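First comes the structure, then the notes that go with it.
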Amino acid sequence: MYRSESIINNLFLEVDSLSLRITNIKNAYYNTFHDGLRKRLFNEDKNITQRLNEIYSIAKMLKQRTSENINFSSLLVEKCQRTIEQKRTEKNLFFL
Numbered sequence: 075m076y077r078s079e080s081i082i083n084n085l086f087l088e089v090d091s092l093s094l095r096i097t098n099i100k101n102a103y104y105n106t107f108h109d110g111l112r113k114r115l116f117n118e119d120k121n122i123t124q125r126l127n128e129i130y131s132i133a134k135m136l137k138q139r140t141s142e143n144i145n146f147s148s149l150l151v152e153k154c155q156r157t158i159e160q161k162r163t164e165k166n167l168f169f170l
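Each step along the sequence shown adds one to the number in our numbering, with nothing skipped, and position 36 is 110.
Right, here's the structure in full:
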């Protein structure tokens, strides 16, 4: 495995864990009435969004460096796009 493939694999696993964390934050937010916890969940959601955008920009850069149409970096870009899109569709989570 090349170094870039290892980096892509690590980023892919991180995107998976962030996606699961988004779901857990959503469930916790709906099930709690504690204002302090809701504030922490809101801040964590914002941090996850920033990290997803960072990974997405890295993935796009890695994809541009390869000449193949189908590769690991393309999969990472697609996973990031889908997770960000999921996040956008649920963006009103904290304003219900």
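The beta carbon of each residue, even a glycine, is placed where N, CA and C say it ideally should be. Since the model is a prediction, treat every value here as computed from it, not as a measurement.
Between residue i and the ligand ZN, is there a pair consisting of the residue's CB and a ligand heavy atom that are separated by less than 6 Å?
i, result
"Ile122", "The ligand content of the structure shown is nil, which means the ligand ZN is not present either."
Taking the CB atoms as reference points, tell me whether residue i and residue j lie closer together than 7 Å.
i, j, result
"Leu126", "Ile158", "yes"
"Glu122", "Leu92", "The sequence as given places Ile at residue 122; Glu does not occur at that position. Yes. Within cutoff."
"Lys134", "Val89", "no"
"Leu85", "Leu150", "yes"
"Lys161", "Ser147", "no"
"Leu115", "Tyr103", "yes"
If I'm right that residue i touches residue j with Cβ under 8 Å, what's the distance once you round it to whole angstroms?
i, j, result
"Glu118", "Ile99", "6 Å"
For residue i, which of helix, strand or coil comes out of DSSP?
i, result
"Glu142", "coil"
"Met75", "Reliability of the predicted coordinates at Met75 is poor, the pLDDT of 48 falling under 50, and the value obtained from them is presented with this limitation in mind. If DSSP states are grouped into helix, strand and coil, Met75 belongs with coil."
"Thr123", "helix"
"Glu164", "coil"
"Phe107", "coil"
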